[in-house]
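Worksheet: one structure, shown below.
Residue numbers (our numbering): 9 to 155.
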(Lines of atoms letter the chains of each structure in order from A and count residues from 1; the text may use other names and numbers.)
(Lines give C-alpha, C1' and ligand atoms only; values in the text may rest on other atoms or scores of the structure.)
Protein backbone atom coordinates (compact mmCIF):
# COMPACT_ATOMS: atom_id res chain seq x y z
CA UNK A 1 0.00 0.00 0.00
CA UNK A 2 1.32 3.43 -1.00
CA UNK A 3 -0.34 6.60 0.31
CA UNK A 4 -0.19 9.94 2.04
CA UNK A 5 1.05 10.00 5.61
CA UNK A 6 -0.81 11.83 7.02
CA UNK A 7 -3.77 12.49 4.70
CA UNK A 8 -4.55 15.91 6.22
CA UNK A 9 -2.30 18.95 6.52
CA UNK A 10 -2.71 22.42 7.97
CA UNK A 11 -0.46 25.31 7.01
CA UNK A 12 -0.36 29.06 7.62
CA UNK A 13 -0.55 31.12 4.45
CA UNK A 14 2.66 33.01 5.24
CA UNK A 15 4.72 29.82 5.76
CA UNK A 16 5.65 29.69 2.07
CA UNK A 17 5.20 25.95 1.57
CA UNK A 18 3.77 22.72 2.89
CA UNK A 19 5.63 19.41 2.78
CA UNK A 20 3.51 16.35 1.94
CA UNK A 21 4.76 12.83 2.63
CA UNK A 22 3.96 9.94 0.29
CA UNK A 23 5.33 6.56 1.28
CA UNK A 24 5.02 2.81 1.20
CA UNK A 25 2.68 2.25 4.15
CA UNK A 26 2.74 -1.54 4.14
CA UNK A 27 4.27 -4.38 2.18
CA UNK A 28 7.46 -4.32 0.16
CA UNK A 29 8.25 -3.63 -3.48
CA UNK A 30 10.40 -5.91 -5.63
CA UNK A 31 10.18 -3.70 -8.74
CA UNK A 32 9.65 -0.04 -9.66
CA UNK A 33 6.17 1.37 -9.08
CA UNK A 34 5.42 4.82 -10.50
CA UNK A 35 2.77 6.91 -8.79
CA UNK A 36 1.60 10.22 -10.25
CA UNK A 37 1.22 13.10 -7.80
CA UNK A 38 -0.98 16.11 -8.63
CA UNK A 39 -2.71 19.01 -6.90
CA UNK A 40 -6.35 19.98 -7.35
CA UNK A 41 -8.30 23.09 -6.52
CA UNK A 42 -10.70 23.07 -3.57
CA UNK A 43 -11.99 26.29 -2.03
CA UNK A 44 -8.49 27.73 -2.56
CA UNK A 45 -7.97 29.17 -6.02
CA UNK A 46 -5.15 27.64 -8.06
CA UNK A 47 -3.18 30.88 -7.74
CA UNK A 48 -3.03 30.30 -3.95
CA UNK A 49 -0.83 27.20 -4.25
CA UNK A 50 1.60 25.61 -6.69
CA UNK A 51 -0.25 23.59 -9.31
CA UNK A 52 1.40 20.23 -9.98
CA UNK A 53 0.15 18.07 -12.82
CA UNK A 54 1.28 14.46 -12.74
CA UNK A 55 4.66 14.56 -11.02
CA UNK A 56 6.03 10.99 -11.15
CA UNK A 57 7.18 9.41 -7.88
CA UNK A 58 9.08 6.14 -8.44
CA UNK A 59 9.05 3.71 -5.51
CA UNK A 60 11.11 0.51 -5.22
CA UNK A 61 12.93 -1.54 -2.59
CA UNK A 62 15.38 1.31 -1.88
CA UNK A 63 13.05 4.32 -2.33
CA UNK A 64 10.07 4.03 0.01
CA UNK A 65 9.21 7.66 0.82
CA UNK A 66 8.98 11.09 -0.81
CA UNK A 67 8.52 14.51 0.76
CA UNK A 68 6.85 16.73 -1.84
CA UNK A 69 7.04 20.51 -1.24
CA UNK A 70 4.13 22.62 -2.47
CA UNK A 71 4.52 26.40 -2.57
CA UNK A 72 1.81 28.43 -0.82
CA UNK A 73 1.17 31.98 -2.09
CA UNK A 74 0.88 34.88 0.35
CA UNK A 75 -1.76 37.04 -1.34
CA UNK A 76 -2.42 39.91 1.14
CA UNK A 77 -6.19 39.39 0.89
CA UNK A 78 -8.11 38.65 4.09
CA UNK A 79 -9.94 35.33 3.55
CA UNK A 80 -11.48 32.47 5.45
CA UNK A 81 -9.50 29.24 5.83
CA UNK A 82 -9.28 27.57 2.42
CA UNK A 83 -8.25 24.14 1.22
CA UNK A 84 -6.95 22.27 -1.79
CA UNK A 85 -6.20 18.62 -2.51
CA UNK A 86 -3.29 16.44 -3.53
CA UNK A 87 -4.04 13.20 -5.36
CA UNK A 88 -2.15 10.01 -6.17
CA UNK A 89 -2.83 7.69 -9.09
CA UNK A 90 -0.97 4.93 -10.86
CA UNK A 91 0.79 5.72 -14.11
CA UNK A 92 -0.16 2.32 -15.54
CA UNK A 93 -2.13 -0.79 -14.65
CA UNK A 94 -0.42 -2.54 -11.78
CA UNK A 95 -0.85 -5.92 -10.16
CA UNK A 96 -3.82 -6.21 -7.79
CA UNK A 97 -1.51 -6.54 -4.78
CA UNK A 98 -0.49 -2.84 -4.91
CA UNK A 99 -3.01 -0.19 -3.88
CA UNK A 100 -3.15 3.51 -3.10
CA UNK A 101 -4.68 4.44 0.24
CA UNK A 102 -5.17 7.14 1.19
CA UNK A 103 -4.92 8.47 -2.34
CA UNK A 104 -6.19 11.99 -1.52
CA UNK A 105 -4.81 14.47 1.00
CA UNK A 106 -6.53 17.69 2.03
CA UNK A 107 -4.41 20.75 2.77
CA UNK A 108 -5.99 23.57 4.79
CA UNK A 109 -4.48 27.02 4.37
CA UNK A 110 -5.15 29.42 7.25
CA UNK A 111 -5.05 33.09 6.30
CA UNK A 112 -2.52 35.27 8.11
CA UNK A 113 -3.35 38.57 6.45
CA UNK A 114 -4.50 41.53 8.48
CA UNK A 115 -6.54 44.50 7.45
CA UNK A 116 -6.12 47.96 8.98
CA UNK A 117 -9.20 50.15 8.88
CA UNK A 118 -9.05 53.79 9.93
CA UNK A 119 -10.02 57.39 9.26
CA UNK A 120 -8.79 59.21 6.18
CA UNK A 121 -7.46 61.73 6.92
CA UNK A 122 -6.57 60.79 10.47
CA UNK A 123 -7.34 64.29 11.82
CA UNK A 124 -10.30 66.63 11.29
CA UNK A 125 -11.01 70.23 12.24
CA UNK A 126 -14.58 71.38 12.58
CA UNK A 127 -16.31 74.43 13.99
CA UNK A 128 -18.33 73.71 17.12
CA UNK A 129 -21.51 75.21 15.68
CA UNK A 130 -21.35 73.42 12.28
CA UNK A 131 -23.78 70.75 13.50
CA UNK A 132 -22.13 67.76 11.83
CA UNK A 133 -18.93 66.44 10.34
CA UNK A 134 -18.47 63.85 7.59
CA UNK A 135 -15.78 61.28 8.47
CA UNK A 136 -14.27 58.94 5.92
CA UNK A 137 -13.43 55.40 7.03
CA UNK A 138 -11.39 53.25 4.68
CA UNK A 139 -9.07 50.25 4.44
CA UNK A 140 -5.59 51.67 5.06
CA UNK A 141 -3.66 48.48 4.41
CA UNK A 142 -4.42 44.95 3.33
CA UNK A 143 -7.43 43.94 1.33
CA UNK A 144 -10.84 42.50 2.07
CA UNK A 145 -12.04 39.45 0.16
CA UNK A 146 -14.53 40.54 -2.49
CA UNK A 147 -17.02 37.78 -1.61
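Every residue, glycine too, gets a C-beta built ideally from N, C-alpha and C.
- Between the alpha carbons of residue 36 and residue 42 lies a gap of roughly 14 Å.
- Distance check between residue 69 and each of 76, 38 and 58 places 38 closest, using alpha-carbon atoms only.
- Beta-bridge partners of residue 115 (DSSP): 17 and 92.
- Residue 135 carries a coil assignment under DSSP once its states are collapsed to helix, strand and coil.
- Shown here for residue 13: same chain residues with a beta carbon closer than 6 Å to its own, the five before and five after excluded, namely 29 and 31 in chain order.
- Residue 73 carries a strand assignment under DSSP once its states are collapsed to helix, strand and coil.
- Under the 8 Å Cβ criterion, the segment 108-119 does not count as touching the segment 59-68, having fewer than three qualifying pairs.
- Going by DSSP, residue 127 is part of the beta strand (DSSP E) stretching over 124-127.
- Within 10 angstroms of the beta-carbon of residue 96 lie 16 or more other beta-carbons, which makes it buried.
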